[in-house]
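The block underneath contains the structure these notes are about, expressed in structure tokens.
Protein chains: 2
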Amino acid sequence: MNKPKDADDPIVGLSRSSIERLYSYYLLAIYAKQQGSSHISSKRLAENLLIGDTQVRKDMAAINLVGQPKRGYAIDETIRALREAMGLNQVHHAVLCGVGNLGRALLEYSRFSEFGFKMVGAFDVREEIIGTDISATRILHIDHLEQVVEIFAVEIGILTVNVWAAQDICDRMVKSGVKAIWNFAPIHLKTPDNVLVRNEDFAGSLTVISHYLRGQNRAMARDLEPPE
Amino acid sequence: MNKPKDADDPIVGLSRSSIERLYSYYLLAIYAKQQGSSHISSKRLAENLLIGDTQVRKDMAAINLVGQPKRGYAIDETIRALREAMGLNQVHHAVLCGVGNLGRALLEYSRFSEFGFKMVGAFDVREEIIGTDISATRILHIDHLEQVVEIFAVEIGILTVNVWAAQDICDRMVKSGVKAIWNFAPIHLKTPDNVLVRNEDFAGSLTVISHYLRGQNRAMARDLEPPE
DNA sequence: TAGATTGTTAATCGATTAACAATC
DNA sequence: TAGATTGTTAATCGATTAACAATC
Chain X
5 MNKPKDADDP IVGLSRSSIE RLYSYYLLAI YAKQQGSSHI SSKRLAENLL
55 IGDTQVRKDM AAINLVGQPK RGYAIDETIR ALREAMGLNQ VHHAVLCGVG
105 NLGRALLEYS RFSEFGFKMV GAFDVREEII GTDISATRIL HIDHLEQVVE
155 IFAVEIGILT VNVWAAQDIC DRMVKSGVKA IWNFAPIHLK TPDNVLVRNE
205 DFAGSLTVIS HYLRGQNRAM ARDLEPPE
Chain F
5 MNKPKDADDP IVGLSRSSIE RLYSYYLLAI YAKQQGSSHI SSKRLAENLL
55 IGDTQVRKDM AAINLVGQPK RGYAIDETIR ALREAMGLNQ VHHAVLCGVG
105 NLGRALLEYS RFSEFGFKMV GAFDVREEII GTDISATRIL HIDHLEQVVE
155 IFAVEIGILT VNVWAAQDIC DRMVKSGVKA IWNFAPIHLK TPDNVLVRNE
205 DFAGSLTVIS HYLRGQNRAM ARDLEPPE
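Below, the structure is given as structure tokens:
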């Protein structure tokens with residue numbers, strides 16, 4: 005326990021940002037394969053992601069992929085290595101807490117299975133929706149959260165409750181064994197170090213947009229003003 | 005036009021990451037005010053965001069806020085400066101394209117007005133929903149996109165169409181005058197330099213989670229294995 | 001006063017980019 | 001061969017953190 009990094013572990017030098025790029029590479033590789041290509045170059049991947057090709061090659065090197073000069077990376081090997089690096093071949097159970105509009109939309113989001121996520125249940129407190137199904141996921145009362153997480157060894161918790169309930173539900177998920185939380189509530193959750201929290205920060209996004217437009221309009225006002 | 009940075013502009017040294025933090029500061033400041041506090045310290049803000057207090061002070065300095073030793077930042081002034089920096093006092097018109105599950109959830113998302121976003125319409129091609137309203141936003145045919153954007157001087161486009169349509173709809177929005185795009189399609193949109201694209205990358209998030217659990221399970225497998 | 005807190009400089013850290021030799 | 005492409009080192013860039021004097 006607590007071994008300080010394994011020399012065998014093939015994933016070193018794979019930064020958070022690199023990991024976020026892997027799925028885009030993967031989609032492009034699959035697309036290239038469908039088009040009949042046998043190889044794909046760092047240049048082509050880079051153009052699609054609007055990044056530099058050096059960065060692509062670094063990412064590829066980090067997952068132990070070796071390319072061929074003049075040709076690029078072999079498609080099949082690339083797809084295999086990307087799936088492996090992303091952990092796409094494993095299946096993980098997931099629950100969702102908070103079946104409001106956003107929770108409902110996520111339950112109907114069709115891509116979970118591509119990532120090996122299997123929804124075992126969704127939780128809420130509103131009696132009128134409990135017992136119904138959304139996209140084949142049964143809505144259960146939040147009182148049963150702990151039992152379900154333990155019984156199904158659920159590793160992923162999707163948090164779409166309102167901000168006031170978020171930390172409490174988070175704690176309950178973590179206590180019953182959840183290892184990663186996809187958080188949509190505008191709050192920075194406190195969790196043990198070994199639990200991953202991924203924040204989907206809508207408010208942060210809207211702030212960035214609002215701040216940008218503010219800058220634009222200032223610039224425009226300046227341009228229209230006669231010089232003093 | 006094209007002045008290379010204005011000495012007057014009070015927002016320099018405000019990085020993308022800083023901007024994303026502003027709304028969290030803002031919520032905390034409002035909460036502190038409701039609790040009757042007259043000041044709020046960088047330490048308290050930092051604890052809530054799980055970051056260091058130095059970083060908070062840097063952010064505050066970047067928006068020209070000056071604190072008082074021993075007390076912290078005056079609440080009212082802080083709230084005012086944060087609203088100003090985020091551009092929250094301005095109103096911007098927005099449209100949404102693609103009224104699927106996610107688009108519907110966003111239309112029902114209640115927080116747009118807090119950011120000064122006013123939804124003027126949502127667009128789709130499915131005749132059966134055109135003409136209906138979701139949260140007081142009328143669903144219109146995508147053919148009318150350009151007209152509406154131009155007439156209302158819409159600056160914000162929310163993109164929840166499927167990936168194959170995304171670049172095309174993006175181009176149409178940009179061409180009619182949209183200045184910022186909140187993109188939920190898993191694609192890196194090509195736009196002119198003066199158009200902001202904010203990607204809400206669900207696939208990237210799921211990849212990070214999947215990769216993390218893969219690492220966890222490997223570590224666990226290693227711990228359970230007898231040493232060779 | 002002593003202690004808490006700000007403001008700011010310098011150091012650190014980590015990710016991206018430039019440069020270029022190696023290879024097919 | 002010439003040219004395209006990889007792989008890798010070193011440089012750059014930008015954000016975070018540490019350190020500490022200044023202040024109330």
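Just so you know, the sequences run in chain order X and F.
Convert by adding 4 to the 1-based position in the first sequence; the result is the number in my numbering.
Convert by adding 4 to the 1-based position in the second sequence; the result is the number in my numbering.
In this text, a Cβ means the ideal position worked out from N, Cα and C, and glycines have one as well.
Subject >> Euclidean distance between Cα positions of Asp185 of chain F and Met90 of chain X >> reply: Per the sequence presented here, residue 185 of chain F reads as Ile, with Asp not at that position. Computed Cα separation, rounded: 28 Å.
Subject >> beta strand (DSSP E) segments (min. 3 residues) lying fully within the region 73-113 of chain X >> reply: 96-101
Original post:
What separation, rounded to the nearest whole angstrom, lies between the Cα atoms of Arg20 of chain X and Glu132 of chain F?
Top reply: 42 Å
Subject >> Stretch-stretch touch, CB-based, cutoff 8 Å, three pairs: the region 67-76 of chain X with the region 35-51 of chain X >> reply: yes
Original post:
Can you list, in chain order, the residues of the region 163-191 of chain X whose Cβ is nearer than 8 Å to any Cβ on chain F?
Top reply: Lys183, Ala184, Trp186 and Pro190
Original post:
Which class does Gly219 of chain X belong to by DSSP, given the choice of helix, strand or coil?
Top reply: helix
**OP:** Using a Cβ cut-off of 7 Å (strictly closer), state whether Gln220 of chain F contacts chain X.
**Re:** yes
**OP:** Answer yes or no: the CB of Tyr77 of chain F versus the heavy atoms of the ligand NAP, is any distance below 6 Å?
**Re:** Of the ligands one can find in the structure shown there are none, so the ligand NAP has no counterpart to examine.
Original post:
Does the region 87-102 of chain X come close enough to the region 79-89 of chain F that 3 or more CB-CB pairs lie under 8 Å?
Top reply: no
Original post:
Is the region 48-66 of chain F in contact with the region 26-34 of chain F, if contact means three or more CB pairs nearer than 8 Å?
Top reply: yes
Original post:
Helix, strand or coil: which one does DSSP assign to Val212 of chain F?
Top reply: helix
**OP:** Could you name the residues of the same chain whose beta carbon sits closer than 8 Å to that of Asn187 of chain F, not counting the 5 residues immediately before and after it, in chain order?
**Re:** Leu163, Ala170, Cys174, Leu193, Val201, Arg202, Asn203 and Glu204
Original post:
Would you report the Cα separation of Lys122 of chain X and Phe206 of chain X, rounded to the nearest angstrom?
Top reply: 25 Å
Original post:
Should Ala140 of chain F be labelled buried (16 or more other beta-carbon atoms within 10 Å of its own) or exposed?
Top reply: exposed
**OP:** Can you give me the Cβ contacts of Arg176 of chain F inside the same chain, cut-off strictly under 7 Å, excluding the 5 residues immediately before and after it?
**Re:** Leu149 and Glu150
Original post:
Does any CB atom of chain F fall closer than 7 Å to the CB of Phe156 of chain X?
Top reply: no
Original post:
In chain X, which residues lie less than 9 Å from Asn52 of chain F when you measure between Cβ atoms?
Top reply: Ile191 and His192
Original post:
Nearest chain F C-beta to Phe119 of chain X closer than 7 Å, yes or no?
Top reply: yes
Original post:
Which value, in whole angstroms, describes the spacing of the CA atoms of Leu161 of chain F and Glu154 of chain X?
Top reply: In the sequence as presented, Leu is not what sits at residue 161 of chain F; that position holds Gly. Their backbone Cα atoms lie some 42 Å apart in a straight line.
Original post:
With DSSP run on the structure shown, which of helix, strand or coil describes His192 of chain F?
Top reply: coil
Original post:
Taking Cβ-Cβ distances shorter than 9 Å, what residues in chain X pair up with His97 of chain F?
Top reply: Those within 9 Å of His97 of chain F in chain X number zero; the least Cβ separation is about 10 Å.
Subject >> Spatial neighbours of Asp57 of chain X in its chain, beta-carbon cut-off 7 Å, leaving aside the 5 residues before and after >> reply: Ser46, Lys47 and Ala50
Original post:
Which residues in the same chain have their Cβ closer than 7 Å to the Cβ of Gly104 of chain X, if we skip the five residues on either side of it in sequence?
Top reply: Thr164
Original post:
Just by C-beta distance, which residues in the region 205-217 of chain X are closer than 7 Å to chain F?
Top reply: Asp205, Ala207, Gly208, Ser209, Leu210, Thr211, Val212, Ile213, Ser214, His215, Tyr216 and Leu217
Subject >> N-terminal and C-terminal residue of the beta strand (DSSP E) that Asn203 of chain F is part of >> reply: Leu200 to Asn203
Subject >> Burial state of Asp137 of chain X, where buried means 16 or more other Cβ atoms lie within 10 Å >> reply: exposed
**OP:** Using alpha carbons as the reference points, say which of F:Asn221, F:Ile213, F:Leu69 and F:Ser41 lies closest to Glu24 of chain X.
**Re:** F:Ile213
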